[in-house]
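Chains as they are written, first to last, in the working numbering: chain S, 19 to 242; chain V, 71 to 605. Backbone N, C-alpha and C fix where the C-beta goes; we use that ideal spot for every residue, glycine too. Predicted model only: the values in this text are computed from it and were never measured. This report concerns only the one structure given below.
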Amino acid sequence: MEKMVNVYFFGKKYSVPASLTIMTAMEYAGYTLKRGCGCRHGFCGACATIYRIKGQNELKTCLACSTQVEEGMYIASIPFFPTDKRVYEIKDLKPNQQVMMELYPEIYSCIGCNACTKACTQSLNVMQYIAYAQRGEFEKCAEESFDCVSCGCCSVRCPAGISHPMVGLLARRLNGKYIAPEAEHLTKRVEEINNGEFDSMIEQIMQKPITEMKELYNTREIEK
Amino acid sequence: MYAPYPENMMESIKKVEASRAARMATEPRRLTAEEKDALLNEFHPDRKPDAFAEIKIGPNKGQKAPLELAKMLHSTSRILNEKIDLSKVDYDVDVLVIGGGGAGSSCAIEAHNAGANVMIVTKLRIGDANTMMAEGGIQAADKENDSPVQHYLDCFGGGHFDAKPELVKRLVMEAPDAIKWLNELGVEFDKTDDGRMVTTHGGGTSRKRMHAAKDYSGAEIMRTIRDEVINLGIPVVEFTSAVELIKDDKGQVAGAVLLNMETGDYSVAKAKTVVIATGGAGRMHYQGFPTSNHYGATADGLVLGYRAGAALRNQDSIQYHPTGAIYPSQILGALVTEKVRSVGAQLVNANGEAYIHPLETRDVNASGVIRECKEGRGVEVPGGAQGVWLDTPMIEILGGEGTIEKRIPAMFRMYMNYGIDMRKVPIVIYPTLHYQNGGLEIDGDGFTSIPNLLVAGEAAGGIHGTNRLMGNSLLDVIVFGRNAGKQASKKYKEVELGNMNLDHVQSYDAELKAASLETGEVSPLLLPKYARHER
Ligand SMILES: Cc1cc2nc3c(=O)[nH]c(=O)nc-3n(C[C@H](O)[C@H](O)[C@H](O)COP(=O)(O)OP(=O)(O)OC[C@H]3O[C@@H](n4cnc5c(N)ncnc54)[C@H](O)[C@@H]3O)c2cc1C
Ligand code: SF4
Ligand code: SF4
Ligand code: FES
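Encoded structure:
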């Protein structure tokens, strides 16, 4: 017999196999998910969930698709959270401290409680990346927030009402566009293509009979 | 000793460890063309005749499709018996984009920038899509020793010479510009300090042209272009699926019937041009395989396009990614990115043998894993299934301590969630249903045979022939997504719509009846049926 555990979805008790994730346990219990389910493999942040193990004080946050059920879990999904994304034209921004002050001024009201970091489903140092954003250190903010899946669990817990994933996203876009050095070989190749430098070669290879293509393919040199 | 696996697996790991030094000293031999063919013929799931059925009606009548897809094509429209009042138009746009993944979003951005009134409808949230999950990277021939012509050769040959040349040409020629476009939107590609892109090999590449953003390449691309869609103010109607196309009395596409996934209400979108960007089909679980795909990957676009008269191409060619997780059960089917092999891990059987080169094309490597398991050289995991080892500790030995956390953090996290430290022990894998190589047929400009209907992304067929290379799909999504946006916003200006109707739905049904097809199901599927009901 499979080992079973008791869990409570929105307060209602279900007995489910202990090997399941919260997401598959909900399906086992009969739910057809519409909200709160996207990639099912920990990448999209659709399945933000809050739970408490009966008898324990701590409220925990997690991704339902990537968390195994435990005995006595009281589970509520967070199908939507009103994070506040500000709208901007990325091409008009400059990567300086001013940007954050204008777009996300609330980050300066952070009280340093660290609740965001504790809530992070990706174990990121969220409070730290907010601190980098405050100081206009976008490269560091980008690096620290890189694995963020925008589940919003940090924002749910923040007393200052900060929309952390949106702050990280802005920092990464600024870093990717303005701060990381340009890839010159890329710019050059785009120019070469626009100048038609590969046109005749590509037309030639497109015309080749399959037998010749096979020969070319099977004998092509492979970079070490 | 650190032992996160049951005893039989730990025993096998001893053999993997014992052979590691010798394996690292030599690179496994590449197979010859004949050896590959033999391996594919015997072991590739696509070569299993009883997993396919003949399509009985429509443009591809007489051809094969996976059983589960054929069933959807042979099923009844969801709206056959619904009264849909087409005179009540809820949305009226120049360009209707169906699907908010990478292809749909990049299409919408370009259409908007070209001045079109564009709208996205999408089944779940924008970005709940296969694009978000892509780990490994995106190809583009932008290094000095590489060229679009070399990329063409790899793509066309890797796809078994079955692709459409004009599509491959667009893919490779517009690749560097796609990377540049993304980079200028703020996508953070892995670069060295002087700005050079860090590029690696993928299965079947002859040059190192895989660009990545750690192993969150798709997520980094998707979240950036999603942000741009929102910044541009493009309307996105979420939790809304297209369930049928609408045509007009001139035979042109004229919009789509939409279904609110939450309330069950229908609505009508009228559009001068329609772009199908609904992605793949992993959640159809062909041949019972687990899948790496997102929840909404159910081939909807193929079904509604086909019913409106658009032809499919290579619909019988499916990509099984060689390295899906087979243990622990919580991550069954989840992708273990090819990048794990790009950065050094070998495929090793239960006896500790590196039985194949880890970077053969995906179909070849998938067939190899299946062969090892069928012939008794697989590792048995709890529950009785088998897989082979992916020797991840090699990565740290080759690249130095910390390489795994730096280059493949998502993989590291996924396994650590269940107490498996891939720096110390190998992980066990088996092929997972990953990608739909074929799809709705398009011409070089992205159009189908139905006037004003375009397709972009994984829903399109012909770009990758019968096997897609790693990194060419994210690329295809951006190249053909952008292209569809540009083409549609040129096209709509000349479109005069006639009277809208759903006659094709009726006539398709008449054909089904004439062929005595009755599956008892409706299509498109929209969501897989995972809920367990006790009665
Ligand atoms: C785990 C994983 C890893 C991958 N890694 C790589 C990689 O490293 N490199 C690479 O090049 N490729 C990779 N791929 C493949 C690549 O990511 C996808 O093929 C590609 O992103 C598909 O993009 P798309 O826009 O066509 O579809 P998607 O991104 O799947 O978007 C389709 C959208 O359409 C919506 N939709 C579906 N049906 C309907 C409907 N009826 N009405 C409205 N909306 C609908 C879906 O909900 C979804 O939002 C990977 C795929 C997966 C699953
Ligand atoms: S930082 Fe990102 S991943 Fe972590 S809790 Fe916040 S939104 Fe989720
Ligand atoms: S939860 Fe909010 S207030 Fe507390 S540390 Fe994090 S950002 Fe600051
Ligand atoms: S469903 Fe995407 S993170 Fe859980």
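Using beta-carbon distances, Phe-61 (chain S) counts as an interface residue toward chain V, with a partner under 8 Å. Distance from Met-354 (chain V) to Thr-368 (chain V) at the Cβ level is roughly 6 Å; contact confirmed, criterion being Cβ atoms closer than 8 Å. With respect to chain S, the C-beta atom of Ser-399 (chain V) has a partner C-beta closer than 8 Å. Per the C-alpha coordinates, the member of V:Thr-518, V:Pro-235 and V:Cys-443 positioned closest to Pro-227 (chain S) is V:Pro-235.
Interface criterion met: the Cβ of Gly-256 (chain V) is under 8 Å from a Cβ in chain S. Between Thr-310 (chain V) and Leu-329 (chain V), the beta carbon gap of about 7 Å places them in contact (Cβ cut-off 8 Å).
Residue-level contact by beta carbon holds for Asn-301 (chain V) and chain S, with a gap shorter than 8 Å. Those residues of the segment 473-501 of chain V placed with their C-beta closer than 8 Å to a C-beta in chain S are Pro-479, Ala-480, Arg-483, Met-484, Asn-487 and Tyr-488, ordered along the chain. Interface criterion not met: the Cβ of Gln-116 (chain S) is under 8 Å from no Cβ in chain V. Look at Glu-124 (chain V) here: in three-state DSSP terms it is strand. Against chain S, the CB of Tyr-222 (chain V) has a partner CB under 8 Å away; the residue lies at that interface.
Listed in chain order, the non-local C-beta contacts of Ser-337 (chain V) below 6 Å within the same chain comprise Asp-160 and Leu-328, local neighbours out to five positions each way being set aside. Think of a sphere of 9 Å around the beta carbon of Phe-359 (chain V): no beta carbon from chain S falls inside it, the nearest being about 15 Å out. Counting C-beta atoms within 10 angstroms of its own C-beta, Gln-456 (chain V) has 16 or more neighbours from the protein chains shown and is therefore classed as buried. Here DSSP, grouped into helix, strand and coil, assigns Lys-232 (chain S) to helix.
DSSP, reduced to helix, strand and coil, places Gly-371 (chain V) within a helical segment of the structure shown. Around the Cβ of Ser-147 (chain V), a 10 Å sphere holds 16 or more other Cβ atoms; the residue is buried.
Pairing Asn-553 (chain V) with Arg-90 (chain V) gives a Cβ-Cβ distance that is not under 8 Å. A residue is called buried once 16 or more other Cβ atoms fall within 10 Å of its Cβ, and Arg-100 (chain V), having fewer, is exposed. Around the Cβ of Glu-214 (chain V), a 10 Å sphere holds fewer than 16 other Cβ atoms; the residue is exposed.
Among the residues of chain V, those whose CB is under 7 Å from the CB of Tyr-46 (chain S) are Arg-602, following chain order. For the pair Met-145 (chain S) and Pro-97 (chain S), the Cα-to-Cα distance works out to about 24 Å. At least one CB of chain S lies nearer than 8 Å to the CB of Ile-249 (chain V).
In the three-state reduction of the DSSP assignment, Gln-506 (chain V) falls in the strand class. Listed by position along chain S, the residues whose Cβ is nearer than 8 Å to that of His-574 (chain V) form an empty set, because the closest Cβ is around 28 Å away. Of the candidates V:Gly-288, V:Val-257 and V:Arg-266, the residue whose Cα lies closest to the Cα of Glu-298 (chain V) is V:Val-257.
Sequence-distant Cβ neighbours of Asp-370 (chain V) in its own chain, meaning closer than 6 Å and more than five residues away, are Thr-348 and Pro-594.
Positions of the alpha helix (DSSP H) runs, each at least 4 residues long and wholly inside the segment 124-186 of chain S, are given as 133-137, 144-152, 156-163 and 171-175 in order along the chain. Checking the 7 Å criterion, the Cβ of Cys-83 (chain S) is within range of a heavy atom belonging to ligand 4. No Cβ-Cβ contact shorter than 8 Å links Ile-190 (chain V) with Gly-172 (chain V).
A distance below 8 Å separates the beta carbons of Ala-178 (chain S) and Cys-128 (chain S). Interface criterion met: the Cβ of Lys-239 (chain V) is under 8 Å from a Cβ in chain S. The beta carbon of Phe-517 (chain V) sits closer than 6 Å to the beta carbons of Leu-524 from its chain, once the five residues preceding and following it are set aside; these are given in chain order.
Per DSSP, the unbroken beta strand (DSSP E) holding Met-22 (chain S) starts and ends at 22-27. By the CB criterion at 8 Å, Lys-409 (chain V) and Gly-185 (chain V) fall outside the cutoff. Using a Cβ-Cβ cut-off of 8 Å, Asp-107 (chain V) does not count as an interface residue toward chain S, since no Cβ of chain S sits closer than that to its own.
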